[in-house]
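Beneath this line is the structure, given in structure tokens, with notes to follow.
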Amino acid sequence: MKLNERGLLVVMSGPSGVGKGTVRRALFEQKDHKYFYSISMTTREPRVGEVNGEDYYFISREEFEQRIKEDKFLEWAEFVGNYYGTPKDIIEDQLDEGKEVILEIEVKGALQIRKKMKDAVFIFIVPPGKKVLYNRLLSRGTESEEKIRERIAKADSEFTLAHKYDYIVVNDDVNNAADRIAAIIRAEHAKTERSIHNYMKMLEEN
Ligand code: 5GP
């Protein structure tokens, strides 16, 4: 029996190349899940194989800046020369429907959400070692050497902010990492502060 009907806002970050997307996809393949992935908007060019409306909404800088003015983002940040942002409108509805809303965003954006949404859960995904990360970035072959170097430097600075998160999950194996995240979500739902109110109500009714 689940005592807490509202879904959780789960913010996942981690350095470029750590495999956040792969872990998230493994999580979504688990049975009976109620996850909702928030598709971000970005001004970055699509990589080969990326689909508009599935991986991101790819929009122009002008459109993005217009949306900032109209306060349409829950958070946004600039990362290695491009804008990335979380559209605000859909998230509350999904949480109310009991869905666990998963955001996959970089650290500056995550810290904005930390301030706004006290109830959110923050998970930092790390590689089993730095070499793994660099090799993954290099072998991905989707960025120029200069961009890869920028991403590596960024990864180093992101590690220093890992302590701002509630949980650290090592991506040593994709399915293990997904299992750990599922376990965190289950445990968070069982926290007294989230579940006691509904439990008391249920006791009155039964
Ligand atoms: P990439 O270009 O590799 O897809 O993403 C670069 C970084 O931006 C990654 O750390 C990714 O998680 C992050 N990111 C993706 N969407 C958002 C978003 O909506 N907001 C923020 N702040 N970061 C995002």
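Residue numbers (our numbering): 1 to 206. Cβ coordinates follow ideal geometry from the N, Cα and C atoms, glycine included.
Query: Ligand 1 and Ile125: does any heavy atom of the ligand fall closer than 7 angstroms to the residue's C-beta?; Result: no
Query: For Met200, which of helix, strand or coil comes out of DSSP?; Result: helix
Query: With respect to 7 angstroms, is the separation between the Cβ of Glu145 and the closest non-hydrogen atom of ligand 1 below this value?; Result: no
Query: Applying the criterion that 16 or more other CB atoms from any shown protein chain within 10 Å of the CB defines a buried residue, is Asn171 buried or exposed?; Result: buried
Query: For Gly19, is the beta carbon positioned less than 7 angstroms from some heavy atom of ligand 1?; Result: no
Query: Runs of 3 residues minimum, wholly inside the stretch 102-145: which ones carry the beta strand (DSSP E) assignment?; Result: 121-126
Query: Which residues bound the beta strand (DSSP E) around Thr86?; Result: Asn82 to Pro87
Query: To which residues of the same chain is Lys88 closer than 7 angstroms at the C-beta, ignoring the five residues directly before and after it?; Result: Lys72, Phe73 and Leu74
Query: In angstroms, rounded to a whole number, what distance separates the CA positions of Val48 and Thr142?; Result: 8 angstroms
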